[in-house]
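Reviewing the structure listed below.
Written as structure tokens, this is what we have:
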């Protein structure tokens, strides 16, 4: 049996990150209504899943065809901010900005880089909200 790259990789390259982001978009599309249903704060308007999907879709559409994870994540963050929809989209864009900041200049994403980028992402998302509330998407990000 031949091993695939996914089975043997210890670090993700830019193309792997692009693929993961495309899968994340598909997941949001499939689970949009479930996310909308649990949207109760700050206003129970039932649009969190939709806004996150539209934001990630806009960001993914702007990704370059090649580049390391730092290049891919920066393009993602820039496009997410421009394409952000609603409060949840803006918060997602700030999380992606922190993720990109944590990966600046990084070519491949290993466990240490992922941990650092996710920590920066959480900090930036919390910092973007004047009065963070637990039990929201911020808690999930942390």
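Numbering (our numbering), first residue to last: 6 to 147. Positions of the beta carbon are idealized from the N, C-alpha and C atoms, including for glycine.
{"Query": "At least three beta-carbon pairs within less than 8 Å, the stretch 56-67 to the stretch 18-38", "Result": "yes"}
{"Query": "Residue 17 - partner residues in DSSP beta bridges", "Result": "114"}
{"Query": "Length of the line joining the Cα atoms of residue 93 and residue 24", "Result": "23 Å"}
{"Query": "Segment contact flag, the stretch 44-55 with the stretch 96-113, C-beta cutoff 8 Å, min 3 pairs", "Result": "no"}
{"Query": "Proximity winner among 27, 134, 67, relative to residue 81 (alpha-carbon distances)", "Result": "67"}
{"Query": "Simplified DSSP state of residue 44, which is helix, strand or coil", "Result": "coil"}
{"Query": "Among 101, 88, 86, 65, nearest to residue 146 - alpha-carbon criterion", "Result": "101"}
{"Query": "Pairwise C-alpha distance: residue 20 and residue 73", "Result": "8 Å"}
{"Query": "Beta-carbon gap between residue 122 and residue 104 smaller than 8 Å", "Result": "yes"}
{"Query": "N- and C-terminal bounds of the alpha helix (DSSP H) containing residue 102", "Result": "91-107"}
{"Query": "C-beta contact flag for residue 179 and residue 113 at 8 Å", "Result": "Any question about residue 179 goes unanswered here, given that the chain covers just 6 to 147."}
{"Query": "Under 8 Å between C-beta atoms of residue 138 and residue 46", "Result": "yes"}
{"Query": "Proximity to residue 158 [Cα-Cα], best of 63, 42, 44, 43", "Result": "Limits of the chain in this structure are 6 at one end and 147 at the other, which puts residue 158 out of reach."}
{"Query": "Span separating the alpha-carbon of residue 141 from that of residue 111", "Result": "30 Å"}
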